[in-house]
Structure formats: C-alpha cells, structure tokens
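Residue numbers (full-length UniProt numbering): 1 to 570.
Each remark here refers to the structure printed beneath this line.
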C-alpha cells in the first residue's frame, strides 16, 4: 500500500495515481480547466497546482504522480494566490467579459469558470479583457464557434482527436493571441466535421455551441397560417429534466408532452413511431440482402454524424449503408404526406419541428437529399431553455399522452436512444419475421452495455447473424478497419456519440460521471414497462402500411422513406 497525506487526511492507495485522482478519492475538490476525464493529460492551465512539502515549486495535480510519504496541501495561501493570478490571466488574455456575456452564454447555467472563481475565492478582476476581434464562425448548420470566448484549454482538440478520431481542430498564433481554430481557419462547415457536437460538451466557456433555432421556432408557433407539429427523440425523455432537477436518469415523457402542448404546438408526436417504421424498412432491407446475396455487412443509417463520417473517410463503403432514412427524416416525410392527408391539412402549411439529443440532426435536416422533410431542429438543451423562458414549472407538470396517429410506439423504439438499441430492436423484429415464431426472451443482452465495440453471433432460424455495435466515431473507425482487414459481419450498428443518442452533443451538459449509465438504465426501464415491445406489433405502423405505404420496401415506401448518400471531399 502507498501512504500519503492530503490536507491533513491520511490516505492509502493500492497503486500510483495522480495527485488529482488521489484527491478525488479523498473527496477533496481541486479546480481544473484543461483537464477532462477520459482525455489525455494536457497540463496547460495549471489551475490544479498543489503544494508538496519539501518542494520549492508548486506541482500540477493532474500531471504529478503521488509518491510514498507525500504531504500535500491543495488549498494553501500560496496555492490560492497563484491560482487567482493564473485564472485572471486566462480570462484576460481570451476576452471573456463575463459581466457582459453571461446572460447570453450557452454555459450560463452550468459555468465551470464561475465554479472555479468561487473555489479560489476570486472577488474581483484586476485585468481588463484583451480584445482580439475574432469573428464568429457561422459556416456550419450545426455547430457555431465563437473564438473570442476560447481559453485554449484544448479539450475540444483532444475530444475530437482521441475520442472521435477526427481531428478537425488545431491551435493558431502565440501568447495572448493563441486560439483554437479549424484547418487553415476554413470554418466548421468547410472541414471534415461530422457535426457530432462532442466538442460542445467539452468546451467550458461556450466558445462552441449549437446553431440556435429557438427564436425561429417561437416565431413559427405564433404564425396562425401554419400547422406546427413536433416530434421528440427517445433519448430526450431521459435527459430533459436534468436542467431543472440536476439529477440524471429521470424519465419525464409525460411532462415533456405537456410542456410542448403548453408551448402551443398543434400536435405533439413521437420520433419513436418513426423508429418503429425504420425497423420495418431497415429490417426488410437486411432480410432481402441476406436472402439475395446483397451487399453485406449492412450498416445502420440512423446517426447523421456517422453518415457524414463515412462520406468523408470511407466513401467506398457507401453501398453498405442502409438506404432507410433516419427516424427523424422518416417522421418528417410521413407527417407531410400521410398525416396531412389523414388530418385534411395542406402539406404546405405543415411545419415539422424536431427535439433531438443531437447537433448533427440540424445538418441532416438541411441535406438536399431530404427534400425539406424537417424544418427546424432543437436540441434538448434548447428546449429546456424555451421551457424556462415560458415560465413553465417542468418538474411539477401533470403527465400527458402523445397524439395518437404518429405518437404510438413500442419499447423497441425507446431503446433506439442507447448504443445497441437499434440492433436489438432490429433483431426482435427480424427474428420473428424470419422464423414466424414468437420470441421467448425478448432482450438481446449481448448487444447491451457501454463498451465502445460489441460483437455478437445471433442464431435466427438456422442462420447465424454476425453482428457488431460501435458507439463513438473513434470506435466506428476501428470497426471499419476490421472490415478492411477481412473480418466478416452481416449487420453493424454505428452511433457517432459515446453511449449513442443519450450521449449526444445536444444533451444537457452534466458533471455526473455516471450520467450515461443512468440515462441508459432509464431507457431500458421504459422499454420493460411497455406491453408492446416489438416494432412490427405497432398497430399504427400496420395502419400506415395498410392505408398508405402498402408494405415495407414498396415503391411508395422507397420514395418517401429511403435515400442515398455521397462521397465528400474537402
């Protein structure tokens, strides 16, 4: 055992770890800015410095291993004075005038800078911000970059490179002029950005945030000539309450529906309905490819971040993608055709708004291939902001049900919100359609969990289906390289974000280390609570095919619900 002392507390450790990690085990908070769990150690901000007895210089806690017999002070006067000086320099050299910007900053409600200022006892700023005059990068349909808010903590750089395996960011200039930018400062919309938004979750200052569409949606809700419908993605219902309760993993489906009705939407529907529809189309495509020697493995096409990734980096595999649109886009297409017909509303008057956990959905809605299926996309964070601004007490709302025609769904649709969920939903339906027999055990445990890559062999009526699940684009790249090296699969689920949609770039930013596990548990709880847990059992899906689409894979279904993608060069 290794023994040391932190702030007078005796600690015992089984192995050498950093002083920062040792302090966490002792429930002692050391402020950090450039540090983030799961990323490499950068040690640039130095706010985590501590005093080690016998050492003249203060040590960065994130980059210093604890040694036998160390006596460490984490909040001595010497430490606090240096932290104040460092923090003021960080703020001043990067033009964050928080007094002016905090009311409109995307991190105003969970500001790391404010927490650090409180921790180090900062009561006033002695240095004025240095004006750099950097312009806002509005080149992307999904992610906006405000360079003047950047403090060069490099967390976005490391998240993009180390977790997502993309690497669109770099640093430019020196000294006070240092800033994080894109390759040749081309802008987020002109590089190989997948719009996943994971950089937003890592940025502590709001220098990166989604393209806001809040005001546009509020304006359209006040336009009496329009019929505005809204759809909510499965991962939203297990995260929307977090900005109000600061607790992860609560299920708020009924309150979510009530809030949207209070905001004035003409119809409140569920993306889960379209998830069931996706399974019917994608499952039919999988069975057809297997039976007719089609292109395998079949790749799922629900995640727009993954789609843009393969368009940039593996265009030679585009034929492996399912031609099925994502649930978001399927919903829009059905809303502006089938729903318009059933409701007797001119399709030109229908406006479709999506509530998504994903920033890449904003880009997807703008794709020319999608022909205006969806008009506006709000992230979970944006909706929470709108609910607050409307004076709605979200946590105390009564529960409401979705409107029926496009609002009824199975438990299989709910699990679309987590990694492995699309695969499991597809297996539930494909197994029964192929064998003609009812499943005994409905859960496919082999594709569950938060591991970055999962593999499974599933027996379906004498057929061995070789399946894989990848979440996070870094893991997607690994799976693609496995395929290039000759490993064989039949069906692969890809999700751009760690954990799948529940960890999307548009979700509430949480300090809870177990947030993904809690959201995932909530998603599986919703599925388990439903009587209907298979997509092909949804009576409203059956009605859609009987009255409009004829059958999965029909000519009209292909026209409305399927698409093609293209190679992208920068």
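Yeah, the Cβ is synthetic: ideal placement off N, Cα and C, and Gly gets one too.
Just how far apart, CA to CA, sit residue i and residue j?
i: residue 136; j: residue 146; result: 5 angstroms
i: residue 457; j: residue 489; result: 9 angstroms
i: residue 64; j: residue 94; result: 27 angstroms
i: residue 57; j: residue 131; result: 32 angstroms
i: residue 330; j: residue 509; result: 28 angstroms
i: residue 161; j: residue 180; result: 14 angstroms
i: residue 74; j: residue 175; result: 28 angstroms
i: residue 363; j: residue 235; result: 19 angstroms
i: residue 438; j: residue 112; result: 51 angstroms
i: residue 3; j: residue 9; result: 11 angstroms
i: residue 346; j: residue 385; result: 31 angstroms
i: residue 197; j: residue 503; result: 10 angstroms
i: residue 164; j: residue 474; result: 4 angstroms
i: residue 118; j: residue 89; result: 16 angstroms
i: residue 215; j: residue 71; result: 54 angstroms
i: residue 322; j: residue 177; result: 46 angstroms
i: residue 543; j: residue 425; result: 20 angstroms
i: residue 507; j: residue 460; result: 36 angstroms
i: residue 172; j: residue 546; result: 59 angstroms
Here's the rule I'm using: 16 or more other beta-carbon atoms within 10 Å means buried, otherwise exposed. How should residue i be labelled?
i: residue 1; result: exposed
i: residue 553; result: buried
i: residue 471; result: buried
i: residue 328; result: buried
i: residue 371; result: exposed
i: residue 387; result: buried
i: residue 134; result: buried
i: residue 195; result: buried
i: residue 202; result: buried
i: residue 104; result: exposed
i: residue 531; result: exposed
i: residue 428; result: buried
i: residue 570; result: exposed
i: residue 245; result: exposed
i: residue 486; result: exposed
i: residue 395; result: exposed
Please return the same chain residues whose Cβ sits closer than 6 angstroms to the Cβ of residue i, not counting the five positions on each side in sequence.
i: residue 230; result: 260, 265, 268 and 353
i: residue 207; result: 146, 149 and 150
i: residue 189; result: 139 and 140
i: residue 365; result: 374 and 377
i: residue 325; result: 561 and 563
i: residue 355; result: 232, 236, 378 and 383
i: residue 448; result: 420
i: residue 416; result: 234, 275 and 422
i: residue 418; result: 500, 502, 520 and 523
i: residue 369; result: 563
Three-state secondary structure (DSSP) at residue i?
i: residue 408; result: coil
i: residue 454; result: strand
i: residue 562; result: strand
i: residue 122; result: coil
i: residue 524; result: helix
i: residue 571; result: Outside the shown range of the chain, which is 1 to 570, sits residue 571, and nothing can be said about it.
i: residue 489; result: coil
i: residue 2; result: strand
i: residue 397; result: coil
i: residue 376; result: strand
By Cβ distance, which residues of its chain are closer than 7 angstroms to residue i, with the 5 residues on each side in sequence left out?
i: residue 249; result: 238, 518, 519, 521 and 522
i: residue 167; result: 160 and 161
i: residue 466; result: 457, 488, 489 and 490
i: residue 400; result: 254, 257, 258 and 261
i: residue 392; result: 259 and 262
i: residue 556; result: 549 and 550
i: residue 156; result: 169, 180, 199, 202, 203 and 208
i: residue 36; result: 155 and 202
i: residue 279; result: 412, 425, 426, 429 and 535
i: residue 414; result: 234, 272, 523, 526 and 527
With DSSP as the reference, please indicate the residues paired to residue i in a beta bridge.
i: residue 270; result: 232
i: residue 222; result: Answer is none; residue 222 lacks a bridge partner.
i: residue 209; result: 144
i: residue 170; result: 181
i: residue 464; result: 459
i: residue 299; result: 321 and 492
i: residue 470; result: 453 and 494
i: residue 352; result: 229
i: residue 65; result: 18
Spatial neighbours of residue i within its chain, please: CB distance less than 8 angstroms, with the 5 preceding and 5 following residues excluded, ordered by chain position.
i: residue 78; result: 51 and 58
i: residue 128; result: 92
i: residue 516; result: 450, 498, 499, 502 and 503
Cβ-heavy atom distance between residue i and the ligand GTP below 7 angstroms?
i: residue 61; result: This structure lacks the ligand GTP; in fact it carries no ligand of any kind.
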